[in-house]
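Input: a single structure, listed below in structure tokens.
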Amino acid sequence: MQDNHSNLEEQQSAEEPFQIEEGLSANVLNNMMEETLIRDSDGDSNQDTKSNEIKSEISEINEEKLDQFRHQITNALEQFWTTEFSDKTSLKFLRQELLQYKDFQQNNDQPSSVSFLSLKEFGTVWIFQMESDQALKLASIFRARRQELESKVELSGHLDGSLFFEIGPFIQDIFELLHRQIFKQSLQKKFQLRHMLRPAFHREINDGELLLFLEFGEENQNKKGKMRFGIPTDFLKSLFVMRN
Numbered sequence: 134m135q136d137n138h139s140n141l142e143e144q145q146s147a148e149e150p151f152q153i154e155e156g157l158s159a160n161v162l163n164n165m166m167e168e169t170l171i172r173d174s175d176g177d178s179n180q181d182t183k184s185n186e187i188k189s190e191i192s193e194i195n196e197e198k199l200d201q202f203r204h205q206i207t208n209a210l211e212q213f214w215t216t217e218f219s220d221k222t223s224l225k226f227l228r229q230e231l232l233q234y235k236d237f238q239q240n241n242d243q244p245s246s247v248s249f250l251s252l253k254e255f256g257t258v259w260i261f262q263m264e265s266d267q268a269l270k271l272a273s274i275f276r277a278r279r280q281e282l283e284s285k286v287e288l289s290g291h292l293d294g295s296l297f298f299e300i301g302p303f304i305q306d307i308f309e310l311l312h313r314q315i316f317k318q319s320l321q322k323k324f325q326l327r328h329m330l331r332p333a334f335h336r337e338i339n340d341g342e343l344l345l346f347l348e349f350g351e352e353n354q355n356k357k358g359k360m361r362f363g364i365p366t367d368f369l370k371s372l373f374v375m376r377n
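Sequential numbering of the sequence shown, starting at 134, is according to this note's numbering.
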């Protein structure tokens with residue numbers, strides 16, 4: 134009953150009309166509006182600056198090595214997908230994109246499967262994201278396997294934390310695969326795996342941190358699903374130096 138009462142209070146407060154504070158003059162309001170408009174007009178120049186910074190960052194990464202890295206990850210994931218799901222589905226590389234973490238957050242404000250692998254030894258965090266339809270589809274397949282059913286179990290379209298009970302081990306297997314591809318060894322004990330339904334605050338990732346996202350798509354007769362593997366560009370640059 135207490136929760137219902139608090140929800141009712143929140144709903145009532147949300148429906149209250151906005152009231153101007155007494156004593157707040159029209160001049161003050163106009164100044165506030167002008168400041169807001171000025172900030173908005175500066176948005177284009179800030180966007181150009183950010184775009185130039187991203188181009189500068191990627192120019193510091195060896196293009197040939199980046200291409201090799203992308204093919205290495207793509208081939209490994211495609212083979213893994215075929216092994217896991219036989220020939221019924223195939224995974225293909227779609228595109229790569231450079232994004233600051235805060236932009237990744239803004240672009241993904243709807244529920245999805247977002248997993249973070251923290252590698253303490255290297256001071257880096259990797260991200261693996263699946264769109265909601267794709268995550269629910271895999272969850273239904275894995276639940277059917279766990280219950281030894283011949284067909285996949287239909288799940289509700291609502292994402293919640295129980296999703297990761299079904300797909301969590303699979304996501305860890307993907308990170309294990311990627312780690313082996315990059316470091317030629319299995320994941321050690323010094324790692325942390327966190328799951329979220331949206332890319333939220335992460336104490337080991339700065340808002341302005343630049344990440345390279347490799348986007349993949351699963352294609353079959355019925356659906357197309359997208360997933361992304363994100364890795365910080367600073368880590369990539371140090372990795373390519375180590376490989377020299």
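A virtual CB, placed ideally from N, CA and C, is assigned to each residue, including glycine.
Burial state of residue i (16 or more Cβ within 10 Å)
i: PHE334; result: exposed
i: PRO365; result: buried
i: MET375; result: exposed
i: LEU282; result: exposed
i: GLY358; result: buried
Beta carbon of residue i nearer than 9 Å to that of residue j
i: LEU345; j: LEU231; result: yes
i: PHE362; j: LEU311; result: yes
i: LEU271; j: GLY294; result: no
i: SER251; j: GLN325; result: yes
i: ILE304; j: SER371; result: no
i: PHE261; j: PRO332; result: no
i: PHE249; j: ARG327; result: yes
i: TRP259; j: PHE308; result: yes
Residue closest to residue i, alpha-carbon to alpha-carbon, out of the options
i: ILE206; options: ASP367, PHE349 and GLY358; result: PHE349
i: PHE315; options: PHE202, ASN241 and GLN229; result: Residue identity differs from the one stated: residue 315 is Ile in this sequence, not Phe. Comparing Cα-Cα distances from ILE315 to each of PHE202, ASN241 and GLN229, the minimum goes to PHE202.
i: LYS235; options: LEU372, ASN339, LYS370 and VAL374; result: ASN339
i: GLN267; options: GLU299, LYS317 and VAL258; result: GLU299
i: ARG279; options: VAL258, PRO302, GLU193 and TRP259; result: PRO302
i: THR215; options: HIS204, GLU351, GLU197 and GLU342; result: GLU351
i: GLN321; options: PHE373, LYS253 and ILE274; result: LYS253
i: ASP306; options: LEU210, ILE194 and ASP200; result: LEU210
i: ASN241; options: LEU224, ILE274, GLU264 and GLN229; result: GLU264
Opposing strand residues paired with residue i [DSSP bridges]
i: GLU230; result: PHE346
i: PHE324; result: LEU252
i: VAL126; result: Within the shown structure, residues of the chain are numbered from 134 to 377, placing residue 126 beyond reach of any answer.
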